[in-house]
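In my numbering, each number is its position in the sequence shown, counted from 1, plus 53.
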Amino acid sequence: MSDVARRSQPGSSAVLLSSLAGLPSIYAICLLLGGCATLPDTDRLTDRYAEQVAHFENTRGTLSKKQSAAMITELKRKSGNLDILDKQITLEQEIVGSPLVMGNKITLLQDGPATYQAMFAAIEHAKDHINVESFIIDDDEIGKQFAENLLERQAHGVQVNLIYDSVGAFGTNNAFFESLKQGGVAVLEFNPINPLTLKKTWVLNHRDHRKLLIVDGRTAFLGGINISSVYSSGSFVKSRIDKMNLTTGWRDTDVQIEGPVVSEFQKLFIETWSKQNGQALAQKDYFPKVEPKGNTIIRAIGSTPDDPYSLIYLTLISAISNAEKQVWITNAYFVPDRQLIEVLLDASGRGVDVRLILPAHSDSASTYYAGRSHYSKLLEGGVKIYERRGALLHVKTAIVDGVWSCVGSSNLDWRSALDNDEINAVILGREFAGEMQLAFTRDIAVSDEIDLKSWKHRSLLMRVKEWAARLWSRLL
54 MSDVARRSQP GSSAVLLSSL AGLPSIYAIC LLLGGCATLP DTDRLTDRYA
104 EQVAHFENTR GTLSKKQSAA MITELKRKSG NLDILDKQIT LEQEIVGSPL
154 VMGNKITLLQ DGPATYQAMF AAIEHAKDHI NVESFIIDDD EIGKQFAENL
204 LERQAHGVQV NLIYDSVGAF GTNNAFFESL KQGGVAVLEF NPINPLTLKK
254 TWVLNHRDHR KLLIVDGRTA FLGGINISSV YSSGSFVKSR IDKMNLTTGW
304 RDTDVQIEGP VVSEFQKLFI ETWSKQNGQA LAQKDYFPKV EPKGNTIIRA
354 IGSTPDDPYS LIYLTLISAI SNAEKQVWIT NAYFVPDRQL IEVLLDASGR
404 GVDVRLILPA HSDSASTYYA GRSHYSKLLE GGVKIYERRG ALLHVKTAIV
454 DGVWSCVGSS NLDWRSALDN DEINAVILGR EFAGEMQLAF TRDIAVSDEI
504 DLKSWKHRSL LMRVKEWAAR LWSRLL
């Protein structure tokens with residue numbers, strides 16, 4: 054399920070089957086035109102890559118095998134000799150192709166206010182170019198502030214290039230984007246709903262769900278936060294939120310990254326621009342020489358339906374499979390397939406502490422109930438489930454063994470794995486994982502744990518809603 058569902062009120066159970074639980078009609082059409090793609094056989098793929106060797110990069114280029122092996126040894130020394138640092142990063146290297154890049158600084162950003170403040174500060178100091186990619190761009194207070202700041206930089210010779218999704222921004226007046234174009238901003242509509250304006254094959258269900266801001270090729274922001282005023286208030290401001298008032302109290306996570314790995318995110322932006330046949334980008338310094346900014350090791354991962362399989366999905370599955378101690382996942386839209394359920398249960402069965410923080414309520418009734426339809430099996434297998442109260446959860450993060458972290462735009466649903474362009478960052482190291490763990494425990498403190506005994510006594514109406522929503526899982 055995608056953020057766009059928030060544009061209408063969640064549907065009632067009585068009309069769940071006929072209306073896809075309140076999804077907007079245009080979005081329901083997109084889902085139904087999604088084709089018959091299937092998820093990859095993760096066991097076969099991970100076995101294929103099991104014997105490969107990972108490598109690292111720094112500002113001077115690719116490290117030798119000996120240097121890379123030394124890096125892994127040092128990481129394991131600092132992290133308790135966890136096998137995941139051998140197995141997982143080797144698998145990722147072959148699955149994803151992008152390198153582990155050293156010498157970065159990463160800042161964890163909680164919720165919209167802190168994220169927008171950091172973004173606006175970076176935009177204000179831009180000197181060469183700004184690249185923006187967002188699923189939703191609303192013509193509201195935050196959207197107007199972004200537009201004003203971008204136009205101001207454009208007027209001072211900073212080239213702004215912007216990609217927005219045609220479905221995600223369906224409710225945004227075209228005049229909003231025209232004003233940006235008139236100010237010199239290069240604007241690209243991703244996979245337009247109107248096939249007459251499309252410059253490539255019309256695949257309506259292929260959506261750009263990424264949220265990415267790159268400033269001067271040196272600083273990148275990514276995570277779950279769109280450009281919209283719904284994120285304007287933090288998630289810890291109020292102890293209680295009206296379920297029908299979805300304009301306040303959104304809980305989300307982004308990261309600000311500075312350093313050499315930004316070039317990997319830049320490649321993904323430019324690749325999308327090219328695939329969508331955007332106008333030739335203005336000649337700017339998109340890949341400047343960037344000196345080390347810190348000691349964090351990061352891998353950029355972009356997924357697209359153009360790939361044989363979702364790189365992000367397979368990366369997460371393999372990380373859970375390789376976990377030895379801990380798998381802590383927070384996700385807004387949880388509609389798991391069989392393989393994800395199995396690796397979570399397998400991890401729990403071998404003594405791994407598996408915890409999920411999921412929404413206590415959602416802007417998508419169908420996704421909410423489809424996810425809950427899997428609770429019994431997971432709880433019986435020892436997986437701990439918590440529902441975040443007091444805010445609308447929109448986070449997409451994972452922490453494995455206190456050393457491997459993932460932050461990005463990808464949900465744990467079929468759409469993210471099969472139909473969307475998504476973007477995530479994998480971060481190695483205990484320091485950042487510690488920050489992530491602290492955020493996770495803070496969310497657990499304002500969450501309700503789901504007890505198996507109580508769960509088995511939920512109402513018949515609840516069970517019917519779950520059953521009905523699960524029928525539509527592939528479309529969510």
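We put the CB at the ideal spot given by N, CA and C, even for glycine.
For residue i, the first and last residue of its enclosing alpha helix (DSSP H)
i: Gln319; result: 315-328
i: Arg441; result: First-last for Arg441: 437-441, but that is the beta strand (DSSP E), not the alpha helix (DSSP H).
i: Leu266; result: Careful: Leu266 lies outside any alpha helix (DSSP H), inside the beta strand (DSSP E) at 264-268.
Endpoints, the beta strand (DSSP E) within which residue i is located
i: Phe274; result: 272-276
i: Ala179; result: Ala179 -> no beta strand (DSSP E), and no H or E assigned at all.
i: Ala385; result: It is not in any beta strand (DSSP E) - Ala385 carries neither H nor E in the DSSP assignment.
i: Ser512; result: Ser512 -> no beta strand (DSSP E), and no H or E assigned at all.
i: Leu471; result: Taken as a continuous stretch (DSSP letters only), Leu471 belongs to no beta strand (DSSP E), being part of the alpha helix (DSSP H) at 467-471.
i: Phe243; result: 239-243
i: Thr306; result: 306-311
i: Val460; result: 457-461
DSSP-derived helix/strand/coil call for residue i
i: Leu528; result: helix
i: Ala353; result: strand
i: Glu484; result: helix
i: Phe230; result: helix
i: Gln379; result: strand
i: Tyr284; result: helix
i: Arg495; result: helix
i: Gln332; result: coil
i: Glu344; result: coil
i: Arg516; result: helix
i: Leu446; result: strand
i: Ile476; result: strand
i: Ile246; result: coil
i: Ala74; result: Residue placement at Ala74 cannot be trusted, given a pLDDT of 35 that sits under 50; what the coordinates show is reported in the next sentence. If DSSP states are grouped into helix, strand and coil, Ala74 belongs with coil.
Inter-residue Cα distance where the pair is residue i and residue j
i: Asn279; j: Gly237; result: 22 Å
i: Asn464; j: Ser512; result: 28 Å
i: His262; j: Ser462; result: 7 Å
i: Asp504; j: Arg495; result: 20 Å
i: Arg352; j: Ser401; result: 27 Å
i: Asn330; j: Val240; result: 12 Å
i: Arg304; j: Ala123; result: 39 Å
i: Ile183; j: Glu145; result: 29 Å
i: Arg516; j: Ser426; result: 8 Å
i: Gln120; j: Leu446; result: 41 Å
i: Phe188; j: Ile148; result: 25 Å
i: Gln490; j: Lys437; result: 16 Å
i: Ala174; j: Gln332; result: 28 Å
i: Glu440; j: Tyr217; result: 31 Å
i: Val453; j: Gly404; result: 13 Å
i: Leu233; j: Glu377; result: 50 Å
i: Asp359; j: Tyr284; result: 31 Å
i: Asn247; j: Glu186; result: 20 Å
i: Gly221; j: Ile190; result: 7 Å
i: Pro77; j: Glu395; result: In this prediction, Pro77 has a pLDDT of 41, which is less than 50 and means its spatial position is unreliable; what the coordinates show is noted afterwards. In a straight line, the C-alpha of Pro77 is about 32 Å away from that of Glu395.
i: Asp269; j: Ala179; result: 6 Å
i: Ala498; j: Phe387; result: 20 Å
i: Ile176; j: Ala335; result: 18 Å
i: Tyr17; j: Gln319; result: Examination of residue 17 is not possible in this model, given that the chain is present from 54 through 529 alone.
i: Glu523; j: Glu433; result: Looking at the sequence itself, residue 523 is Arg, so the reference to Glu does not match. The straight-line gap from Cα to Cα measures roughly 19 Å.
i: Trp534; j: Ala423; result: Residue coverage of the chain in this structure runs from 54 to 529, which leaves residue 534 outside it and unanswerable.
i: Phe322; j: Arg442; result: 35 Å
According to DSSP, residues forming a beta bridge with residue i
i: Ser500; result: Arg441
i: Arg113; result: DSSP output for Arg113 lists no bridge partner at all.
i: Asp261; result: Asp474
i: Val453; result: Val380, Trp457
*asked:* Just to confirm the assignment: which complete alpha helix (DSSP H) runs, minimum length 4, are found wholly within the segment 136-173?
replied: 137-149
* Asked: Which whole runs of the alpha helix (DSSP H) in the segment 391-443 are 4 residues long or more, in chain order?
  -> 391-402, 418-425, 428-433
- Message: If we require 3 or more residues per run, which beta strand (DSSP E) segments fall completely within the segment 182-221?
- Response: If we require 3 residues or more, the beta strand (DSSP E) runs fully inside the segment 182-221 come out as 182-187, 212-218.
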